[in-house]
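Residue numbers (this note's numbering): 1162 to 2068. For glycine and all other residues, C-beta sits at the position ideal for the given N, C-alpha and C. Values in this document were obtained by computation on a predicted structure and should not be read as measured data. Some notes on the structure that comes next.
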Ligand code: GLU
């Protein structure tokens, strides 16, 4: 096989290599492999890796009559014409393959030129997809597989809420699987933002910070990694609470010294195992070779870029394919002319061999799947620790696994011996300045329940802390205009504090941006108002023992029982009696229970007096008996309750609840404007709270005061101002100030918690200890101690609520008994009536119906309290004179009614 003609320029170019590599000089057949680099490429390692890769491959080729020779062209990648010229130049020299360039669109231009000439092209840069070219292989890990690797790692690390910051459209493609994570699992949420082109990343990072973002996935070029981290550091985002995941495979080439000591979780990936002996030795040998030529190249194995390693591996791959191909047939390069349709005859076979062979390179095992993609590769997962970039896991085709004991401690570092900054607010009795005759310094200056709590936690968990009072003096509210949080929450987000402990209410807004421990105190919003004042006794206070309802029911019962008495007395024959007891045979019967007498009887009994006539029939006696029982109970209850009412002083308050406040305009009401209480009213959609917010907001002068001023205003305004505040604080205030009290129930239910920066690793440890303190009763004991410490003994207020009017619930049973008695009495009356009817029917030999008709006629007239006596058959036969005492004209008038009775002769 003939060697290709070598031009003098090529020989000149190859001279160093030819001199270095003996096998080349001894070779008969020189196969050149070309590489294209950008003119402005600054990294000397790229060209070096390529050249030494070819040299190394040539030495290990094991084919005695073939030598590989590298040739490098520098091209203006932005200039298509220039690129084509250099490619044509290489083709003219005759090359077995062309590597590079990395920049698009020059790369795709070169790929299509190689395609036309059947010359294999080797790519070493990330590309989304292969073009339609047949002769190109890409050594860079396949995009889709890489994207899957990101997802595996993020899942294993437990990232559920994160921000994705990307640089360009390519980044989005690289991250497509990551961006689909929330869709596939609704427990995961991600927000996506683009890094600005002007390289001022701070505003964007600030936005992430203010939204409580602590887990950030960043896809950016290698040269921007440092910039992003540096700017994040400038705004306090390089602290132990932040987690970064860089998708770039070259994080190890960036100088990360500035970020090593903050405890920030920076995770990166690396394709090259830089500690591998093969990598270290290769780089050392390049350096030595360069040094032998008097050149000092500042390159180390630990900083070797992925592209350099891939260029090296490209040479190895080509060499292996050439050797394998050469073992089956002789190959040589041919000079190709761009203006002609000539092809490299071995191109296709060479390309096929390149796709089939496997080589162990600096980036691990290089092999391609059936689609010609490098989808089988492994990645080191690295973390920036104090000792530098340290691998803590490995991703491979089987997924991600954490290696080494470091993994656990990395996830949950211990709080022990940490020095934490604790921010707080001065407010009684949570945190107060200690009064002392000595000069106090440091944490000793403060006292209060929060101080005791943090002290106890620090004792149990072994951390050190420094208390710093918040400069804003506010718990923390979000400012829509500035997009920033103030107060303690702002401090946590800015990385200025590690813990916030105060009367800090756990709210959903705050929970979204910071982390809270469990509640250490439960509370709700209530009203602080002046204590109820003593009421002068009312003129009609005698009515107070019973409720209006009971009075009405009693009146109704009196009328009802009177009516029943009247009706039953008419029905029962035993209440009809001769008017003169000494003359039982009179013709007229009289009934003493007319309606007015019935009322008189009932009222007399109710007043515990009685009257001069009493029932005689069993039924009416039943009515009377039950009524007396009823009056006995009612009067006793009334008397007993009246005694209580007369002995206690009645207290009155114009408001009893928030609804009462909302319904009036006389008493002003307000709250603390910068706290969760104001937020409750501002965001409430429930009446009356929404209406109350409008009233508070529009009030002039303002009704918003801080807690101290609010309490003073309630005290000074003598019932003209009510202050909404949290019940725990109200409880404390009323212990101190006898003239103030809590009014109404709690409007909501919530609690105070210790806040930590988002993603803080201490939360579980703190929670555990707080739970223990709660179970041991320490939290309750602390509260009792601080709330009762300065308690004032207040004058008893007479217990306004001791005597309360009796309502139906208290005396309803008596009414039920009464009604039962009435029913029984009615039944007895019916029995009496029927019994008497039967006797009369038998006496008079009349039918039951006609007797009943006559009786009912007299009864149901409901008029008059006399009726004619019925003459029995006995009396008629004994010649009784009959009855005489009909009023004049009555006999005529009632003739039909009295049919069957003896009609007396009117004298
Ligand atoms: N504890 C409240 C907060 O954390 C402050 C007091 C209040 O709003 O009543 O916002």
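According to DSSP, is residue i part of a helix, a strand, or is it coil?
| i | result |
| --- | --- |
| residue 1880 | coil |
| residue 1325 | strand |
| residue 2118 | Because the chain is modelled from 1162 through 2068, residue 2118 falls outside the range shown and cannot be assessed. |
| residue 1612 | helix |
| residue 1684 | strand |
| residue 1885 | strand |
| residue 1296 | coil |
| residue 1310 | helix |
| residue 1508 | helix |
| residue 1712 | helix |
| residue 1260 | strand |
| residue 1692 | coil |
| residue 1948 | helix |
| residue 1655 | coil |
| residue 1287 | coil |
| residue 1848 | coil |
Please report how far the alpha carbon of residue i lies from the alpha carbon of residue j, in whole angstroms.
| i | j | result |
| --- | --- | --- |
| residue 2010 | residue 1994 | 13 angstroms |
| residue 1888 | residue 1583 | 25 angstroms |
| residue 1534 | residue 1308 | 14 angstroms |
| residue 1708 | residue 1805 | 15 angstroms |
| residue 2046 | residue 1989 | With a pLDDT of 35 at residue 2046, under the threshold of 50, the modelled position of that residue is not reliable, and the figure given next carries that caveat. If I take the Cα positions, the gap works out to 31 angstroms. |
| residue 1866 | residue 1833 | 5 angstroms |
| residue 1891 | residue 1627 | 29 angstroms |
| residue 1817 | residue 1904 | 6 angstroms |
| residue 1443 | residue 1195 | 21 angstroms |
| residue 1665 | residue 1525 | 54 angstroms |
| residue 1426 | residue 1927 | 21 angstroms |
| residue 2008 | residue 2022 | 22 angstroms |
| residue 1857 | residue 1830 | 7 angstroms |
| residue 1693 | residue 1812 | 6 angstroms |
| residue 1750 | residue 1968 | 45 angstroms |
| residue 1615 | residue 1925 | 15 angstroms |
| residue 1763 | residue 1808 | 31 angstroms |
| residue 1312 | residue 1321 | 11 angstroms |
| residue 1275 | residue 1259 | 8 angstroms |
| residue 1775 | residue 1792 | 17 angstroms |
Could you tell me the boundaries of the alpha helix (DSSP H) in which residue i lies?
| i | result |
| --- | --- |
| residue 1442 | 1438-1453 |
| residue 1794 | 1779-1808 |
| residue 2019 | 2009-2021 |
| residue 1368 | 1363-1371 |
| residue 1208 | 1205-1221 |
| residue 1998 | 1969-2005 |
| residue 1243 | 1241-1254 |
| residue 1276 | 1267-1278 |
| residue 1284 | From DSSP, residue 1284 is part of no alpha helix (DSSP H) but of the beta strand (DSSP E) over 1282-1284. |
| residue 1929 | 1924-1936 |
Opposite residue i in the DSSP bridges: which residues?
| i | result |
| --- | --- |
| residue 1431 | 1411, 1541 |
| residue 1554 | 1542, 1563 |
| residue 1355 | 1327 |
| residue 1198 | 1235 |
| residue 1376 | 1404 |
| residue 1829 | 1882 |
| residue 1629 | 1584 |
| residue 2029 | 1749 |
| residue 1902 | 1690 |
| residue 1475 | According to DSSP, residue 1475 bridges with nothing at all. |
| residue 1661 | 1584, 1916 |
| residue 1893 | None; residue 1893 has no bridge partner. |
| residue 1527 | 1520 |
| residue 1228 | 1191 |
Where does the unbroken beta strand (DSSP E) through residue i begin, and where does it stop?
| i | result |
| --- | --- |
| residue 1913 | 1911-1917 |
| residue 1492 | Element bounds for residue 1492: n/a, residue is neither H nor E. |
### Task
Would you check if there are 3 or more beta carbon pairs closer than 8 angstroms linking the stretch 1689-1696 to the stretch 1930-1944?
Flag = no, the stretch 1689-1696 and the stretch 1930-1944 do not touch.
### Task
Would you check if the stretch 1861-1875 and the stretch 1648-1659 touch, i.e. whether three or more CB-CB distances between them fall below 8 angstroms?
Because the criterion of three Cβ pairs below 8 angstroms is not met, the stretch 1648-1659 and the stretch 1861-1875 do not touch.
### Query
Taking contact to mean at least 3 C-beta pairs separated by less than 8 angstroms, is the stretch 1580-1596 in contact with the stretch 1460-1480?
Taking a cut-off of 8 angstroms for Cβ pairs, the stretch 1580-1596 and the stretch 1460-1480 do not touch, as fewer than three such pairs fall below it.
### Task
Please confirm if the stretch 1724-1733 is in contact with the stretch 1978-1987, defined as three or more CB-CB distances below 8 angstroms between the two stretches.
With the cut-off at 8 angstroms, the stretch 1724-1733 and the stretch 1978-1987 touch.
### Query
With contact counted as at least three CB pairs below 8 angstroms, one residue from each stretch, are the stretch 1513-1525 and the stretch 1390-1406 in contact?
With the cut-off at 8 angstroms, the stretch 1513-1525 and the stretch 1390-1406 do not touch.
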